[in-house]
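Number of protein chains: 4
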Amino acid sequence: MKKIFLCGCQLVYDVADESTFIFNISVAKTEHQRILTERLTLTPPMGYQEYVEPILNNRFVRVNAPQGKLEVNYEAQVMVSYPDIEPDYCLEVPPAQLPIEVFNYLYPSRYCESDRLLRLAEKEFGDLPGGYGRVQAICDWIYENMEYVAGSTNSQTSAFDTVTELCGVCRDFAHLGIAFCRALNIPARFVTGYAYQLNPPDFHACFEAFLGDRWYIFDPTRLVPPEDLILIGKGRDAADIAFATIFGPVTMESMNLWVDLKQP
Amino acid sequence: MKKIFLCGCQLVYDVADESTFIFNISVAKTEHQRILTERLTLTPPMGYQEYVEPILNNRFVRVNAPQGKLEVNYEAQVMVSYPDIEPDYCLEVPPAQLPIEVFNYLYPSRYCESDRLLRLAEKEFGDLPGGYGRVQAICDWIYENMEYVAGSTNSQTSAFDTVTELCGVCRDFAHLGIAFCRALNIPARFVTGYAYQLNPPDFHACFEAFLGDRWYIFDPTRLVPPEDLILIGKGRDAADIAFATIFGPVTMESMNLWVDLKQP
Amino acid sequence: MKKIFLCGCQLVYDVADESTFIFNISVAKTEHQRILTERLTLTPPMGYQEYVEPILNNRFVRVNAPQGKLEVNYEAQVMVSYPDIEPDYCLEVPPAQLPIEVFNYLYPSRYCESDRLLRLAEKEFGDLPGGYGRVQAICDWIYENMEYVAGSTNSQTSAFDTVTELCGVCRDFAHLGIAFCRALNIPARFVTGYAYQLNPPDFHACFEAFLGDRWYIFDPTRLVPPEDLILIGKGRDAADIAFATIFGPVTMESMNLWVDLKQP
Amino acid sequence: MKKIFLCGCQLVYDVADESTFIFNISVAKTEHQRILTERLTLTPPMGYQEYVEPILNNRFVRVNAPQGKLEVNYEAQVMVSYPDIEPDYCLEVPPAQLPIEVFNYLYPSRYCESDRLLRLAEKEFGDLPGGYGRVQAICDWIYENMEYVAGSTNSQTSAFDTVTELCGVCRDFAHLGIAFCRALNIPARFVTGYAYQLNPPDFHACFEAFLGDRWYIFDPTRLVPPEDLILIGKGRDAADIAFATIFGPVTMESMNLWVDLKQP
Numbered sequence: 063m064k065k066i067f068l069c070g071c072q073l074v075y076d077v078a079d080e081s082t083f084i085f086n087i088s089v090a091k092t093e094h095q096r097i098l099t100e101r102l103t104l105t106p107p108m109g110y111q112e113y114v115e116p117i118l119n120n121r122f123v124r125v126n127a128p129q130g131k132l133e134v135n136y137e138a139q140v141m142v143s144y145p146d147i148e149p150d151y152c153l154e155v156p157p158a159q160l161p162i163e164v165f166n167y168l169y170p171s172r173y174c175e176s177d178r179l180l181r182l183a184e185k186e187f188g189d190l191p192g193g194y195g196r197v198q199a200i201c202d203w204i205y206e207n208m209e210y211v212a213g214s215t216n217s218q219t220s221a222f223d224t225v226t227e228l229c230g231v232c233r234d235f236a237h238l239g240i241a242f243c244r245a246l247n248i249p250a251r252f253v254t255g256y257a258y259q260l261n262p263p264d265f266h267a268c269f270e271a272f273l274g275d276r277w278y279i280f281d282p283t284r285l286v287p288p289e290d291l292i293l294i295g296k297g298r299d300a301a302d303i304a305f306a307t308i309f310g311p312v313t314m315e316s317m318n319l320w321v322d323l324k325q326p
Numbered sequence: 063m064k065k066i067f068l069c070g071c072q073l074v075y076d077v078a079d080e081s082t083f084i085f086n087i088s089v090a091k092t093e094h095q096r097i098l099t100e101r102l103t104l105t106p107p108m109g110y111q112e113y114v115e116p117i118l119n120n121r122f123v124r125v126n127a128p129q130g131k132l133e134v135n136y137e138a139q140v141m142v143s144y145p146d147i148e149p150d151y152c153l154e155v156p157p158a159q160l161p162i163e164v165f166n167y168l169y170p171s172r173y174c175e176s177d178r179l180l181r182l183a184e185k186e187f188g189d190l191p192g193g194y195g196r197v198q199a200i201c202d203w204i205y206e207n208m209e210y211v212a213g214s215t216n217s218q219t220s221a222f223d224t225v226t227e228l229c230g231v232c233r234d235f236a237h238l239g240i241a242f243c244r245a246l247n248i249p250a251r252f253v254t255g256y257a258y259q260l261n262p263p264d265f266h267a268c269f270e271a272f273l274g275d276r277w278y279i280f281d282p283t284r285l286v287p288p289e290d291l292i293l294i295g296k297g298r299d300a301a302d303i304a305f306a307t308i309f310g311p312v313t314m315e316s317m318n319l320w321v322d323l324k325q326p
Numbered sequence: 063m064k065k066i067f068l069c070g071c072q073l074v075y076d077v078a079d080e081s082t083f084i085f086n087i088s089v090a091k092t093e094h095q096r097i098l099t100e101r102l103t104l105t106p107p108m109g110y111q112e113y114v115e116p117i118l119n120n121r122f123v124r125v126n127a128p129q130g131k132l133e134v135n136y137e138a139q140v141m142v143s144y145p146d147i148e149p150d151y152c153l154e155v156p157p158a159q160l161p162i163e164v165f166n167y168l169y170p171s172r173y174c175e176s177d178r179l180l181r182l183a184e185k186e187f188g189d190l191p192g193g194y195g196r197v198q199a200i201c202d203w204i205y206e207n208m209e210y211v212a213g214s215t216n217s218q219t220s221a222f223d224t225v226t227e228l229c230g231v232c233r234d235f236a237h238l239g240i241a242f243c244r245a246l247n248i249p250a251r252f253v254t255g256y257a258y259q260l261n262p263p264d265f266h267a268c269f270e271a272f273l274g275d276r277w278y279i280f281d282p283t284r285l286v287p288p289e290d291l292i293l294i295g296k297g298r299d300a301a302d303i304a305f306a307t308i309f310g311p312v313t314m315e316s317m318n319l320w321v322d323l324k325q326p
Numbered sequence: 063m064k065k066i067f068l069c070g071c072q073l074v075y076d077v078a079d080e081s082t083f084i085f086n087i088s089v090a091k092t093e094h095q096r097i098l099t100e101r102l103t104l105t106p107p108m109g110y111q112e113y114v115e116p117i118l119n120n121r122f123v124r125v126n127a128p129q130g131k132l133e134v135n136y137e138a139q140v141m142v143s144y145p146d147i148e149p150d151y152c153l154e155v156p157p158a159q160l161p162i163e164v165f166n167y168l169y170p171s172r173y174c175e176s177d178r179l180l181r182l183a184e185k186e187f188g189d190l191p192g193g194y195g196r197v198q199a200i201c202d203w204i205y206e207n208m209e210y211v212a213g214s215t216n217s218q219t220s221a222f223d224t225v226t227e228l229c230g231v232c233r234d235f236a237h238l239g240i241a242f243c244r245a246l247n248i249p250a251r252f253v254t255g256y257a258y259q260l261n262p263p264d265f266h267a268c269f270e271a272f273l274g275d276r277w278y279i280f281d282p283t284r285l286v287p288p289e290d291l292i293l294i295g296k297g298r299d300a301a302d303i304a305f306a307t308i309f310g311p312v313t314m315e316s317m318n319l320w321v322d323l324k325q326p
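Residue numbers (this note's numbering), protein chains in the order written: chain A, 63 to 326; chain B, 63 to 326; chain C, 63 to 326; chain D, 63 to 326.
If you want it as structure tokens, here you go:
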């Protein structure tokens with residue numbers, strides 16, 4: 063199934079003094095996402111540096127902005143071909159066979175303290191057959207037990223907090239899914255993207271689990287079907303791929319996102 | 063200054079049932095470390111898989127061990143040429159110029175919650191001139207304020223804990239150094255190694271900070287001069303490069319390390 | 063020195079369904095505070111229950127409010143005679159002599175994890191001579207190192223958080239002062255009150271330390287001189303004496319406080 | 063049902079320098095516990111001070127011990143009459159009717175962060191009918207989900223930790239029970255005691271919940287039937303009633319407890 067989306071964002075900042083931004087807002091280039099057209103505009107016009115991280119292909123843009131207003135406009139036309147999934151063939155791979163390069167995604171990270179969730183993960187999901195269904199069960203648990211409450215968490219909130227406090231936003235739902243997976247020896251990582259028909263529009267976060275021989279996407283918020291997500295970045299957790307990491311005295315003035323489906 | 067060390071370890075495990083080990087005990091191959099001879103022996107003899115991580119060149123060995131006793135012997139003869147350092151030329155690089163590939167080491171990780179130490183780092187070190195001296199001041203602060211108490215911390219202890227509780231072991235000292243550096247926008251990472259004349263012998267941990275155009279090593283425990291450390295691994299924090307990550311019902315029976323200086 | 067204050071508050075709630083309130087807004091009756099006149103009014107008129115806790119004399123009012131709007135008005139005219147303090151005679155009392163009834167205020171509580179601050183307290187204040195001056199030094203440390211930022215903390219923030227994060231509001235300043243004192247074996251407790259010329263007007267929190275043979279008040283925010291505080295409650299920490307503890311679906315609509323000095 | 067127990071303890075300390083001990087090892091005097099004989103012996107002989115806390119009647123003993131060895135022997139013969147319980151009549155009392163003096167046991171404390179368990183308690187127990195059965199369900203949950211692992215926790219471990227990490231000792235089981243109860247507006251407090259046939263012998267901890275018009279004891283470890291517990295102390299949590307709180311450089315050398323049932 064192929065879809066063509068037009069997506070983008072407009073970010074407006076008040077820069078009180080010379081500051082550096084690392085943006086991760088460009089659509090990822092993957093075998094399932096083909097970028098047809100793309101444009102990044104800075105206002106006032108200024109130079110920027112692009113960097114593609116060689117392992118995960120995350121696309122970072124660095125902007126060194128002078129004092130004043132900074133407006134960032136990004137827009138892309140993307141063909142997304144979301145592959146069919148056959149859950150029955152998505153098996154968990156034991157550590158004995160797991161590609162060593164994905165072990166990184168088994169280890170705890172800032173927001174996913176899987177080392178503290180071992181017994182809980184075992185209690186809740188240990189008896190289930192391994193594979194796609196077990197990761198789906200993790201997502202179901204999160205969906206059923208956590209409440210989505212805008213503003214209930216902040217940039218320090220981690221999976222260890224939310225697994226008990228049971229509320230948060232998409233980022234927290236994803237972190238908890240990742241932590242549970244890792245606690246069960248299923249590699250898992252954080253992904254961000256533009257999401258079609260997400261309301262209110264915002265950068266979305268969900269997670270990927272490694273099953274069989276590749277990564278599969280899961281969204282414990284159930285807000286966005288996988289085929290309606292246009293991927294931006296991947297990382298250990300939100301610390302790696304904030305849409306904007308800012309060094310300097312900067313205030314965000316406004317943020318707008320949009321995703322449109324191009325009719326065939 | 064060149065030194066030749068003979069170093070190694072013997073690890074003995076009781077494997078209650080088929081288990082997988084990821085070892086990170088092999089000496090790193092770097093421009094400053096030349097491995098003259100090296101040998102890894104498993105008893106009983108069994109196959110293993112080597113993997114060199116492409117970015118940091120960490121050398122991992124995977125062993126899938128059957129039930130029974132497992133003895134791992136590693137031994138290497140290494141020529142270490144520790145470069146002269148001119149602290150006055152080791153400047154901090156502002157985010158505006160920092161190579162984008164090192165930004166990863168500015169972000170918080172499982173054991174280094176730099177996002178929670180921003181004000182404290184600023185209070186303690188914000189007024190110092192940036193550069194080697196400032197990282198040295200961080201190490202001095204840790205050395206003077208933290209007490210080295212074997213067994214006082216565990217695998218869940220993080221920099222946020224120890225910055226107040228003020229005791230720990232080498233791993234905790236390193237995590238706190240990293241967290242302070244990142245809070246000041248100095249990239250920092252965790253390193254492990256064999257240490258000459260460390261007493262009692264053990265795997266040692268310290269940290270590297272990125273200054274000027276390369277990484278410099280710092281040891282806030284003051285237990286090991288940099289030229290007496292034979293590097294093994296590098297990572298975001300201890301989660302990435304445990305000397306042994308074990309999947310299965312395994313008990314360690316004994317661990318021995320040794321480092322000898324080969325007389326010229 | 064005697065002053066007469068007129069103080070009070072107006073609290074307006076939207077009660078979505080029958081709810082119970084425990085208020086702790088009535089001025090404390092102590093040897094230094096004489097209540098000249100006092101009035102509590104509930105609108106719409108409804109019954110309430112008063113309770114004076116026998117040890118600390120905290121005055122609680124329970125209101126079982128029906129669905130609808132609830133307006134609470136409290137007003138008191140209070141003569142406050144703040145005693146002279148001779149810091150040189152305010153000595154710390156060692157546990158060997160301390161009245162056993164104050165040991166409770168040496169133990170850690172929800173927001174004052176003194177058990178985790180032992181080394182830090184020793185490092186910062188261990189070399190100072192015991193007594194009033196040492197508690198004053200704790201207040202100075204807090205004042206100089208913490209930033210008062212409205213809205214930066216919430217009802218879960220504890221001294222262990224703020225001692226590193228270094229920002230908070232009066233309640234957090236007080237909790238940290240208490241935690242440091244207890245870590246040094248100085249009994250300390252949380253106090254609340256109406257504060258003259260506090261801007262913006264709000265319930266104020268500070269703390270008391272036990273020295274010599276009685277409790278002395280300290281305000282690490284430096285916002286309110288002790289003689290301008292009209293005490294309400296005392297407790298182990300904020301958990302004990304919230305101005306309003308609410309059981310039920312209630313929203314606060316507005317809160318007003320006032321304190322006037324009656325001219326002689 | 064009446065039973066007569068002989069219980070006691072022998073505590074041996076090495077006191078490196080003059081130190082103060084607060085012991086809470088004396089059997090409580092309650093309407094259900096009658097002390098027939100009792101003896102406290104200090105070796106070498108030295109004076110001590112007894113203090114009975116007026117609200118909870120906890121019996122504290124303060125000893126100011128000189129440098130050297132300190133041996134504490136306590137022994138009591140106690141008639142325990144454990145009342146029959148009719149669970150069907152043990153109702154939860156809503157905050158609207160609860161005696162105000164027990165509200166203290168609704169608030170969070172050092173080891174029982176009930177404020178962070180609100181949603182989890184509601185999710186797990188919110189649909190159950192209130193009363194004895196609901197507290198019993200909390201105990202069942204703890205018993206079924208937590209693993210009793212000696213040495214797995216320490217004096218800083220709290221209910222917020224163990225509710226996810228799912229292991230601990232009797233003290234942790236009790237703290238979690240208390241936290242769940244408070245989160246559901248059921249007053250709950252920590253109790254300690256001598257326990258008949260506990261193996262290995264040790265001070266035991268469990269908790270009480272306030273139902274109907276009095277406190278009922280619950281033991282989520284299922285190690286000790288209520289009628290085999292001889293109560294010592296009650297408090298908000300373990301911070302209040304450690305069997306020994308020590309001020310000074312002291313090492314425990316040995317601890318022995320015994321409880322015998324006197325045959326009729």
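Backbone N, C-alpha and C define an ideal beta-carbon position, used for all residues, glycine too.
Sequence-distant residues of the same chain with beta carbon closer than 7 Å to residue i, five excluded per side
{"i": "aspartate 299 (chain B)", "result": "Ser171, Arg172, Tyr173, Cys174, His237, Ile240, Phe252"}
{"i": "proline 157 (chain B)", "result": "Asn247"}
{"i": "serine 81 (chain A)", "result": "Ala127, Ile308, Phe309, Gly310, Pro311, Val312"}
Distance between beta carbons of residue j and residue i, contact taken as under 8 Å
{"i": "valine 35 (chain B)", "j": "phenylalanine 272 (chain B)", "result": "Residue 35 (chain B) lies beyond the residue range present for chain B, which begins at 63 and ends at 326; the question has no answer from this structure."}
{"i": "phenylalanine 305 (chain D)", "j": "isoleucine 87 (chain D)", "result": "5 Å"}
{"i": "leucine 73 (chain B)", "j": "methionine 317 (chain B)", "result": "5 Å"}
Close Cβ partners of residue i (< 6 Å) along its chain, the five nearest in sequence each way excluded
{"i": "glutamine 111 (chain C)", "result": "Arg124"}
{"i": "proline 249 (chain C)", "result": "Val164, Tyr167, Leu168, Phe272"}
{"i": "leucine 228 (chain C)", "result": "Asn207, Met208"}
{"i": "alanine 267 (chain D)", "result": "Cys232, Arg233, Ala236, Thr254"}
Residue i, enclosing beta strand (DSSP E) - first and last residue
{"i": "lysine 64 (chain D)", "result": "64–77"}
{"i": "glutamine 111 (chain C)", "result": "111–114"}
{"i": "glutamate 100 (chain B)", "result": "95–105"}
{"i": "phenylalanine 83 (chain C)", "result": "81–85"}
{"i": "glutamate 289 (chain B)", "result": "Taken as a continuous stretch (DSSP letters only), glutamate 289 (chain B) belongs to no beta strand (DSSP E), as it is neither H nor E."}
Any non-hydrogen atom of the ligand HEM closer than 8 Å to residue i Cβ
{"i": "glutamate 148 (chain C)", "result": "Judged by which ligands are present, the structure shown has none, so any question about the ligand HEM falls away."}
Local Cβ density within 10 Å of residue i, reported as buried at 16 or more and exposed below that
{"i": "arginine 233 (chain B)", "result": "buried"}
{"i": "glycine 109 (chain D)", "result": "exposed"}
{"i": "aspartate 302 (chain A)", "result": "buried"}
{"i": "valine 114 (chain D)", "result": "exposed"}
Close beta carbons around residue i, own chain, < 8 Å, minus the five adjacent residues each side
{"i": "threonine 313 (chain B)", "result": "Tyr75, Asp76, Ala78"}
Terminal residues of the alpha helix (DSSP H) in which residue i lies
{"i": "glycine 239 (chain D)", "result": "232–245"}
{"i": "valine 197 (chain B)", "result": "194–207"}
Exercise for the section: Pick out the complete beta strand (DSSP E) segments inside the stretch 107–183 of chain B, 3 residues or longer, and give them in chain order. Expected result: 111–114, 121–127, 130–143
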